[in-house]
Amino acid sequence: MATVNDVIFTKDNRYIVSVASDKTIRIWDTVEKELARTIRLEIGPGNNGKIFALALSPDNKVLAVGGFLAPKPASILLLDFESGEVISQLNGHNNTINDLAFSPDGLKLVSASADKTAIIWDLISGTPQHILRGHQEYINTAAFSPQGTKVVTGSSDQTLKLWDVEFGNAIATMKGHQGKIQAVVFTPNDEIISGDSGGNILRWNPQGELVKKLASQETAVSSLSISPDGKKILTGHGCCDGTKPSYVINTDSGEKLITFSQHLNSVRATAISPNGRFAATAGGNDNEILFWDINNGTILNTFVGRGRAIWSISFSKDGNSIAWGTQWARDNVFSYGNLEQEFFLFNEEGDLNPRPGGKVDLSNNQKFCQPVKSVGDISVHTKDSNVDSILSIARNNNITQSIIRDHSSGLDHRSVTMAPDGKTVISGGAWGEITSYNTETGAIVNDFIGHTATVWALAVSPDNRYLISGSTDQTIKLWNLHTGKNLLTIFCDDSNQWVTWTPEGYYDASVKGSDYIGWHINQGLEKNALFYPASKFSKQFFLPELVASYVKAQGDIASSFELINTDKSPHKKLTATDSQSLLTIFPPLVRFTSHSDTEITATGNSIIITAEAISQNNEPITDIWFTLNGKRVNKTRSIGMKEKKLESPNFTLGQDKKVSLTAEIFLAENFNKIGLVAANRYSQSEPLIINVESAPQVKITAGEPNIYKPDLYLLAIGISEYQNNNFNLDVAHKDALGVSAAIGAKATQLFSKVNKRVIVNTDATRDNILAGLDWIQRESTQKDVSIIFIAGHGVRDTTNNFYFLPHDGDPEKLRQTSIKWDDFQDVLTNLPSKVIFFVDTCHSGSITGKRRGLNFSPAADITNALREIINTETGIIVMTSSSGNEVSQEKPEWGHGAFSKALIEGIEGMANYDNNRTVDIKELDLYMTKRVKELTAGSQHPTTEIPKTLPNFPLFVVD
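First residue of the sequence shown: 366, per my numbering; consecutive thereafter.
Here it is as structure tokens:
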């Protein structure tokens, strides 16, 4: 998530809407504490498509957005808030839109622009009612009066202007600020409060006359929000230090009621909920949105992406790995913070082999290169090594060249490094600008185009071949230093899920890393863009060997394919897939035709749903189906419930390009998610989801007997003792026994019966494990919950097939003696119940070395095996002990591995974050993620996949 530029609450206080420099509109659910949906519009290169301002009509039906939209930067778009679809566009400005506000009756909109004008729009006709001229600089902010008769605007010319809405004339020019005015609000009694870049907050009467200086803060007032009763304002601030806070201020006395210092960087956007109880502030190093109690400053939830801004970066001295830091610690353009995380790029042979490393040891950091400020008699500097518009190149301390950045070239120099040969200096600036300069002449050598936000970190490889850069856009990019070609982009989240990709979209990734990238398909300014996760086209673009050859070929895509096809037989040679040919395999578009709302209340215990799918290309539709709480409706085995009634389709699958489907879906729970999916022979659509609330047939109360309660089925397998003693582990069997005991103790109140089969050590033979899988598949019904837990060794064969090693397994004969991953996958996929799969197959046992090409690494990478399950989209919850090649850690004092210890603690009540006496699946996930990271000092990262089609649900009751 990039810099958040504006936030607003919906009138029901439930949702926060945000717009950001990552060119998205996001709607956050404060009740479910999650991202509800994302709206995407037309985007372009660089700044094209960034959204700086939003406003929501009083009835919450229309959302207005503006900024630097593509392909018309000065346009304003009006969207239907419920559907997210574009309604119309407003054209009249000729520069960036900085602020938007609706009139109280919702019939007018005012826009503030960098073209030095504001426009009052008549939304019925979609045309300007008045163009407000008179400011001498950018207009940064605008607001309507409570009665809608006046508009106030604030400008970088240090003045405000008060305007008559009916006639469009200026009522007053308001002087008194000593800085750029960046925020203004009306009070309910028609007074005005404004803030400037000097930190001053002024109060004005309804006629535009200065009443007093209300308050001041240490840094720029970047935003102002006012409570519905007008008694409080909330400030944003511009700074790089968490000691410079935002404030909640009394609007009469100027008293600072709350000092809010929870963001560690500037806060650009603020909002107060319509009921006056909550605040939302957006900013910080991680571009987070904090949702908090405005009366005491208590944080209620944090909405944040999984990435972090990059503040420091370096190559290892051997050039094979990089390291970066995500914390700002000092003002220094050569390095703003300490290195924290290592990431391997190349193996010892010099081939690309990306994967996370460990934490950087700051106490003995001799592995990584230091920032390069000088080479020989040539040195570079900015004033006091701080951000500055001038970068000086000196020889023998005498300045020979001065390089200036301005508004056309990234504002100023924000990160600087020299190449090891001293011939080049590289500078990073705002808006993703990176430029290299010749140190002799000061002339531009290359522009490095790709980042979308400020570049705070730069480093050059020891061999002078590569440039690496880190940005506020939370990505790291590898470049050819001498051509400026982007070779690779890297994103790594806080749990070590990672993805690397080429500019053409070919990628390598961890099991969930591909979730972070996808294909954005523009459809014009007046239509919403389409977005498909990269995993939808993994067959065409998940090509790790191509990514490696791309770097070796220095970004020449044709040469890259030649390299990987050299030793392949003709029928196995790979061919390129470009963006144009991608259009021919896009999945169908889907929509519900019976319901336009995404939130539905059903009056009975069933609902009739009608939907359709339309092909976007020449591919006929091969399948269409509904899901209920993650499970396909027409494939669900139903026990104790009526059969699903599916209308006979009036189309032929595999032939028609438009199909429809109707189903009467019986609702088994109070809260349900109904998904719609369609497919062609190449790909399937993302599930389109509606949430359905219904009154349950029978109220189910924890602890009370009820025949309608579900059963819980647990198959727990743990193997520490193997026939070959060389493979023995210490605590895998204890993990299975401990998890089984915890579930048995804490699940009985929510479930009618807890059915357990625990298989450990010598009993965990191949036959017994397969019999256990048969048992859980045979017994589970749709209304139940099924849990499979496995702990032991996982191994891969020569063709990367993954196996679970039973007690009697022989790694030399995996196919005959071990449990194929397909055996687990088949059972998991076909279970009719809710399914949770706990996997700990990365134990640090004694299977080491290589035998006949088998991978017996201490932690056989389970990534591809897990990816197969996750990509099936069959409603399976998967929780694994670690990521990639990480080893599951254990200590004698724990009695378990870190993963199982955290799981047991969570089940027993430590995961009950909301203190409601139950532990739900999302709470369990959150607790385990944090706890394992804490236990292992950040060296082990559990991975969880909870399908979006599955609602949250309780599992355990806390005493």
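Where a beta carbon is used, it is the ideal one built from N, C-alpha and C, also for glycine. In this text the structure is predicted, and so the values were computed from the model without any measurement.
Residue environment, residue i, which counts as buried when at least 16 other CB atoms sit within 10 Å
| i | result |
| --- | --- |
| arginine 720 | buried |
| lysine 1111 | buried |
| phenylalanine 532 | exposed |
| isoleucine 687 | buried |
| glutamate 1288 | buried |
| aspartate 1191 | exposed |
| serine 924 | exposed |
| alanine 1276 | buried |
| histidine 816 | buried |
| proline 410 | exposed |
Backbone CA spacing between residue i and residue j [nearest angstrom]
| i | j | result |
| --- | --- | --- |
| lysine 621 | glutamine 572 | 26 Å |
| proline 957 | serine 980 | Reading the sequence as shown, one finds phenylalanine at residue 957 and not proline. C-alpha separation (whole angstroms): 15 Å. |
| glycine 603 | glutamine 706 | 28 Å |
| valine 1096 | serine 1085 | 6 Å |
| phenylalanine 902 | leucine 895 | 14 Å |
| proline 553 | valine 530 | 18 Å |
| asparagine 1135 | isoleucine 1124 | Checking the displayed sequence, the identity of residue 1135 turns out to be leucine instead of asparagine. Using only the alpha carbons, I get a separation of about 11 Å. |
| phenylalanine 699 | alanine 585 | 26 Å |
| glycine 1214 | cysteine 1207 | Residue placement at glycine 1214 is flagged as unreliable, the pLDDT there being 31, under the threshold of 50; a coordinate-derived value is accordingly withheld. |
| lysine 792 | isoleucine 965 | It is serine, not lysine, that sits at residue 792 in the sequence shown. Answer to the nearest angstrom: the Cα atoms are 53 Å apart. |
| aspartate 786 | asparagine 829 | 7 Å |
| serine 478 | asparagine 505 | 7 Å |
| serine 757 | valine 745 | 6 Å |
| glycine 1005 | threonine 949 | Confidence in glycine 1005 is poor, its pLDDT being 28 and thus under 50, which makes the residue's placement unreliable; the coordinate value appears in the next sentence. Answer to the nearest angstrom: the Cα atoms are 44 Å apart. |
| phenylalanine 1221 | glycine 1174 | With a pLDDT of 47 at phenylalanine 1221, under the threshold of 50, the modelled position of this residue cannot be trusted, and the question is left open. |
| alanine 541 | serine 448 | A quick correction: the sequence has glycine, not alanine, at residue 541. The alpha-carbon atoms of glycine 541 and serine 448 are separated by roughly 44 Å. |
| glutamine 1088 | serine 934 | 41 Å |
| serine 900 | serine 679 | 31 Å |
Beta-carbon gap between residue i and residue j smaller than 8 Å
| i | j | result |
| --- | --- | --- |
| glycine 414 | alanine 435 | yes |
| leucine 911 | isoleucine 882 | no |
| valine 333 | valine 1243 | A query on residue 333 cannot be resolved here, the shown segment of the chain reaching from 366 to 1324 and no further. |
| leucine 326 | leucine 428 | With the chain represented from 366 up to 1324, any question about residue 326 goes unanswered, as that position is not in the structure. |
| threonine 395 | isoleucine 381 | yes |
| isoleucine 591 | threonine 600 | no |
| glycine 648 | valine 1042 | no |
| alanine 483 | isoleucine 462 | no |
| serine 549 | glycine 595 | The amino acid at residue 549 is misidentified as serine; the sequence shows valine. No, they are not a contact pair. |
Backbone secondary structure at residue i - three-state DSSP
| i | result |
| --- | --- |
| arginine 1002 | Reliability fails at arginine 1002, whose pLDDT of 33 lies under 50, so the model's placement of it is uncertain and the value that follows must be treated cautiously. Correct three-state label for arginine 1002: coil. |
| arginine 997 | strand |
| asparagine 1229 | helix |
| leucine 928 | helix |
| leucine 1196 | coil |
| glutamate 1029 | strand |
| glutamate 1012 | Unreliable positioning characterises glutamate 1012 in this predicted model, as indicated by a pLDDT of 46, which lies under 50. The coordinate reading is nonetheless provided below. Glutamate 1012: coil per DSSP, three-state reduction. |
| serine 679 | strand |
| glutamate 707 | strand |
| glutamine 454 | strand |
| valine 549 | strand |
| glutamine 1190 | helix |
| lysine 917 | helix |
For residue i, the nearest candidate out of the options (CA to CA)
| i | options | result |
| --- | --- | --- |
| tryptophan 1186 | His1158, Asp1173, Lys1199 | His1158 |
| alanine 1044 | Asn983, Ile1055, Asn1035, Ile1082 | Asn983 |
| tyrosine 612 | Asp658, Arg997, Asn712, Glu891 | Asp658 |
| glutamate 1051 | Ile1153, Thr691, Lys1313 | Lys1313 |
| glutamine 1305 | Ile484, Ala1263, Leu1315, Ile1269 | Ala1263 |
| tryptophan 689 | Ala507, Phe856, Glu1058 | Phe856 |
| methionine 539 | Ala674, Val1160, Lys577 | Lys577 |
| aspartate 561 | Asp716, Leu579, Thr940 | Leu579 |
| proline 593 | Ser476, Thr840, Asn378 | Asn378 |
| isoleucine 441 | Phe467, Gly471, Ser476 | Ser476 |
| phenylalanine 1169 | Ile1201, Thr1130, Thr1146 | Thr1130 |
| phenylalanine 1203 | Gln1181, Ser780, Thr1164, Ile1269 | Ile1269 |
| asparagine 1120 | Lys1099, Trp866, Thr1146, Asn851 | Thr1146 |
| leucine 1102 | Ile769, Asn1133, Ile1082 | Ile1082 |
Proximity test, residue i beta-carbon vs the ligand SAH heavy atom, cut-off 7 Å
| i | result |
| --- | --- |
| asparagine 811 | For the ligand SAH, the structure offers nothing, since it holds no ligand at all. |
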